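> Chains as they are written, first to last, in my numbering: chain A, 12 to 235; chain B, 12 to 235.
There are 2 protein chains.
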Amino acid sequence: MPAQVATAPTPQPEPRLTPARARGRPRKTPLERDDGNRRAALLRAAAALFRSQGFAATTTRDIAAAAGMQSGSPFYHFKSKDALLFAVMQEGMHAALARQRAALPATAKQSPQAQLRGLVQTHFQVLLGPDSDFIPVMLYESRSLNNAQRTELSALQSEYESLWTPVLSALHGSGALRAPVGLARLLVLGALNWSVQWFDASKSATVDDLVDAALALFLGEVAA
Amino acid sequence: MPAQVATAPTPQPEPRLTPARARGRPRKTPLERDDGNRRAALLRAAAALFRSQGFAATTTRDIAAAAGMQSGSPFYHFKSKDALLFAVMQEGMHAALARQRAALPATAKQSPQAQLRGLVQTHFQVLLGPDSDFIPVMLYESRSLNNAQRTELSALQSEYESLWTPVLSALHGSGALRAPVGLARLLVLGALNWSVQWFDASKSATVDDLVDAALALFLGEVAA
DNA sequence: CCTACCGATCGGTAGG
DNA sequence: CCTACCGATCGGTAGG
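(1) What is the C-beta distance between A/Val207 and A/Leu138, in whole angstroms, given that I count them as a contact (C-beta under 8 Å)?
(2) Against chain B, which members of the segment 195–219 of chain A pass a CB distance test of less than 8 Å?
(3) If we count the other Cβ atoms within 10 Å of its Cβ and call it buried at 16 or more, is A/Gly65 buried or exposed?
(4) Between which two residues does the alpha helix (DSSP H) carrying B/Met100 extend?
(5) Is it right to say A/Tyr151 is buried, meaning 16 or more other beta carbons lie within 10 angstroms of its own, or is it exposed?
(6) Quick check: is the beta carbon of A/Tyr171 nearer than 8 Å to any beta carbon in chain B?
(7) For A/Gln111, count the other beta carbons within 10 Å of its own beta carbon; 16 or more makes it buried, fewer makes it exposed. Which is it?
(8) Which residue marks the beginning of the alpha helix (DSSP H) containing B/Gly184, and which one marks its end?
(9) Can you list, in chain order, the residues of its chain whose CB lies under 7 Å from that of A/Val199, leaving out five sequence neighbours each side?
(10) On a CA-only basis, which of B/Ala52, B/Val131, B/Phe145 and B/Arg72 is nearest B/Ala224? Give me that one, please.
(11) With 8 Å set as the bound, which would you pick, yes or no: does the beta-carbon of B/Ala67 sit closer than that to a beta-carbon of chain A?
(12) Please state whether the Cβ-Cβ distance between A/Gly231 and B/Arg189 is less than 8 Å.
(13) When the cut-off is 8 Å and only beta carbons count, does B/Leu229 lie next to chain A?
(14) Any C-beta of chain B sitting closer than 8 Å to the C-beta of A/Ala190?
(15) Using the three-state DSSP reduction, which class does B/Thr71 fall into: helix, strand or coil?
(16) Does the segment 172–186 of chain A touch the segment 112–131 of chain A, meaning 3 or more C-beta pairs lie closer than 8 Å?
(17) Can you give the beta carbon distance from A/Lys90 to A/Thr71, rounded, assuming they're within the 8 Å contact cut?
(18) Quick one: what's got a C-beta closer than 7 Å to A/Val233's C-beta in the same chain, skipping five residues either side?
(19) Run the CB neighbour count on B/His105, radius 10 Å, all protein chains shown included, and call it buried at 16 or more, exposed below.
(20) Using three-state DSSP, classify B/Met149 as helix, strand or coil.
(21) Within 8 Å of any Cβ in chain B, is that where the Cβ of A/Arg110 sits?
(22) As a quick exercise: from B/Trp175, B/Asn204, B/Thr176 and B/Met100, pick the residue whose alpha carbon is nearest that of B/Gln160.
(23) A/Ser233 touches chain B at which residues, Cβ-Cβ below 9 Å?
(24) Does the beta-carbon distance from A/Trp209 to B/Asn204 come in below 8 Å?
(25) Compute the distance between the beta-carbons of A/Ala94 and A/Ala52, then report whether it is under 8 Å.
(26) Is B/Arg154 close to chain A, meaning its C-beta is less than 8 Å from at least one C-beta of that chain?
(27) List the whole-angstrom C-beta distance separating A/Leu60 from A/Asp73, where the pair is believed to meet the contact cut-off of C-beta under 8 Å.
(28) Which residues in chain A have a C-beta closer than 7 Å to the C-beta of B/Leu182? List them in chain order.
(29) Does DSSP put A/Ala119 in a helix, a strand or coil?
(30) Cβ atoms of A/Ser155 and A/Leu164: under 8 Å apart, would you say?
(31) Round the Cβ separation of B/Phe135 and B/Val192 to the nearest angstrom and send it over; I've been treating them as touching at under 8 Å.
(32) Taking just the CA atoms, how far does B/Gly103 sit from B/Thr176?
(33) Closest to A/Arg62 by C-alpha separation, out of A/Thr133, A/Arg49 and A/Asp144, would be which residue?
(34) Within the continuous alpha helix (DSSP H) that includes A/Leu198, where are the two ends?
(35) Using beta carbons (cut-off 8 Å, strictly below), is B/Ala224 in contact with chain A?
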């Protein structure tokens with residue numbers, strides 16, 4: 012029998028208005044409660060589950076369990092399952108935009124070919140690298156959004172596409188890219204986006220192999 | 012009061028083993044019952060709904076209503092909702108294979124470039140033409156299949172891919188295609204498959220425009 | 001293929 | 001963030 016159990020009976024505490032505060036896991040004051048941490052955990056869990064099972068097939072109970080919560084708790088952080096999906100997609104788009112913008116200066120003074128290579132490389136990293144559940148969810152689950160959400164995301168997607176257009180235009184102008192710029196952008200992004208369906212990090216091809224293959228396919232460029 | 016009602020009381024028919032046969036809408040004998048027609052109607056309705064709403068978000072009641080049936084009736088034709096999804100995908104793959112094989116002879120004696128153009132054109136028609144819900148469902152809902160179903164479909168998909176490989180190999184051999192054949196096939200099909208996400212028949216670009224743009228992008232070919 | 005129904009699950013909420 | 005719960009919906013079935 013463990014020594015620390017069954018000693019003197021625990022004295023009943025005086026009744027208080029907020030009895031739970033003093034028991035269970037220690038509570039933090041509102042300022043240090045780190046809501047963002049729990050919210051971020053929910054977002055990450057939701058992104059992973061939405062990606063692997065799809066939005067409609069994922070229950071809010073699945074998400075709660077993956078984040079270590081009880082079934083009703085996600086609704087403390089998000090108004091609805093829909094709002095969770097939208098937040099995942101927004102987070103994904105903001106991260107993708109930030110990464111492309113951070114990578115742009117490195118090739119800004121180089122050839123359009125090198126600029127396209129930079130865009131393609133970062134795009135593959137966003138799709139296939141670590142923390143890469145958010146954008147695939149956005150690509151493949153947008154049908155589950157309502158109109159207002161779809162409109163708001165469309166604006167972010169247009170921003171993202173606007174990073175590609177000048178580079179493709181320059182390539183078209185020099186004859187390196189023969190297809191019309193608008194359709195070329197759609198076909199190129201399609202070729203890249205589809206990789207989330209088949210890319211397997213445990214297989215032989217690496218992300219760099221994909222970048223080389225894509226540039227070779229679109230521009231006839233052979234890797235250096 | 013309608014004349015044909017409230018005349019002589021309907022005589023009770025003799026009790027029979029199959030009383031329903033003689034009442035209600037006329038029944039056909041088993042041979043002319045045209046089960047295939049009702050089954051095909053369910054498949055078409057399911058394909059359209061699975062495509063527009065996704066598998067998990069579509070109820071078997073939705074499908075029944077779209078085919079003009081009551082809620083329990085789809086289960087007379089299909090064992091489960093899963094079986095319906097699988098049948099849609101199988102139908103789609105068989106049709107796609109049949110159409111590609113029918114189109115092959117037209118370009119068999121022409122250049123590899125012309126052969127690729129033929130494959131791309133038929134692929135776009137299967138994806139975007141009339142009755143084009145089946146293949147998009149297969150492309151975007153395979154996560155909802157069980158393992159046995161997935162394995163069976165993989166075989167059909169391999170058959171389909173095997174139509175592309177010799178053409179891409181010939182193009183790679185002649186230097187017209189610089190990317191490795193395996194990755195090129197995945198990127199090319201991705202570019203084409205993604206079109207179901209954005210192609211709008213009511214917009215300016217036609218399927219023929221897409222074919223031209225794709226060939227220009229992959230081979231640097233300009234349309235004749 | 002219809003009628004009537006079951007058992008399970010699900011998104012979401014009240015109150016603490 | 002947890003507990004306890006509600007109302008609605010859903011896949012599927014028995015019997016005809």
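Don't be surprised by glycine CBs; every beta carbon is placed ideally from N, CA and C.
Bear in mind the structure is a predicted one, so any value in this text is a computation, not a measurement.
Here's the rundown:
(1) The pair is a contact, with the Cβ atoms about 5 Å apart (cut-off 8 Å).
(2) Taking 8 Å as the Cβ-Cβ cut-off against chain B, the residues of the segment 195–219 of chain A that qualify are Ala195, Leu197, Leu198, Val199, Leu200, Gly201, Ala202, Leu203, Asn204, Trp205, Ser206, Gln208, Trp209 and Ala216.
(3) By the 10 Å Cβ count, A/Gly65 comes out buried.
(4) Start and end: Lys92 to Ala114.
(5) Per the 10 Å Cβ criterion, buried.
(6) Taking CB atoms only, A/Tyr171 has no neighbour in chain B less than 8 Å away.
(7) By the C-beta density criterion, A/Gln111 is buried, having at least 16 other C-beta atoms within 10 angstroms.
(8) Thr176 to Gly184 is the span of the alpha helix (DSSP H), which, as asked, contains B/Gly184.
(9) Around A/Val199: Phe229.
(10) The shortest C-alpha separation from B/Ala224 is found at B/Val131.
(11) So, interface residue.
(12) Yes; because the gap between Cβ atoms is below 8 Å, this pair is in contact.
(13) The displayed chain sequence assigns Phe, not Leu, to residue 229 of chain B. Between B/Phe229 and chain A, the shortest Cβ-Cβ separation is below 8 Å.
(14) With a threshold of 8 Å between beta carbons, A/Ala190 makes contact with chain B.
(15) The DSSP-derived three-state label of B/Thr71 is helix.
(16) Between the segment 112–131 of chain A and the segment 172–186 of chain A there are three or more inter-stretch CB-CB distances shorter than 8 Å, so the stretches are counted as touching.
(17) In fact, because the Cβ distance is near 12 Å, the residues do not count as touching under 8 Å.
(18) Answer for A/Val233: Ala227, listed in chain order.
(19) Counting the other Cβ atoms within 10 Å of the Cβ of B/His105 gives fewer than 16, which makes it exposed.
(20) The three-state secondary structure of B/Met149, taken from DSSP, is helix.
(21) Not closer than 8 Å to any Cβ of chain B, the Cβ of A/Arg110 fails to qualify, so no.
(22) Among B/Trp175, B/Asn204, B/Thr176 and B/Met100, the Cα nearest to that of B/Gln160 is on B/Met100.
(23) The sequence shown places Val at residue 233 of chain A, not Ser. What A/Val233 touches in chain B: Arg189.
(24) It is not a contact, given that the beta carbons lie outside the stated cut-off.
(25) Taking 8 Å as the Cβ cut-off, A/Ala94 and A/Ala52 do not qualify as a contacting pair.
(26) Flagged as an interface residue toward chain A: B/Arg154, by a C-beta distance shorter than 8 Å.
(27) Taking the Cβ atoms as the reference, A/Leu60 lies roughly 5 Å from A/Asp73, within the contact range of under 8 Å.
(28) Ordered by position in chain A, no residue passes the 7 Å Cβ test against B/Leu182, which lies about 11 Å from the chain.
(29) Of the three classes helix, strand and coil, the one that applies to A/Ala119 here is coil, per DSSP.
(30) No, Cβ-Cβ distance for A/Leu164 and A/Ser155 is not below 8 Å.
(31) Not quite, the Cβ-Cβ distance comes to about 21 Å (not below 8 Å), so this is no contact.
(32) Whole-angstrom Cα-Cα distance: 21 Å.
(33) Nearest of A/Thr133, A/Arg49 and A/Asp144 to A/Arg62, Cα basis: A/Asp144.
(34) Here the alpha helix (DSSP H) through A/Leu198 covers Val192 to Asn204.
(35) Yes, B/Ala224 lies at the interface with chain A (some Cβ there is under 8 Å from its Cβ).
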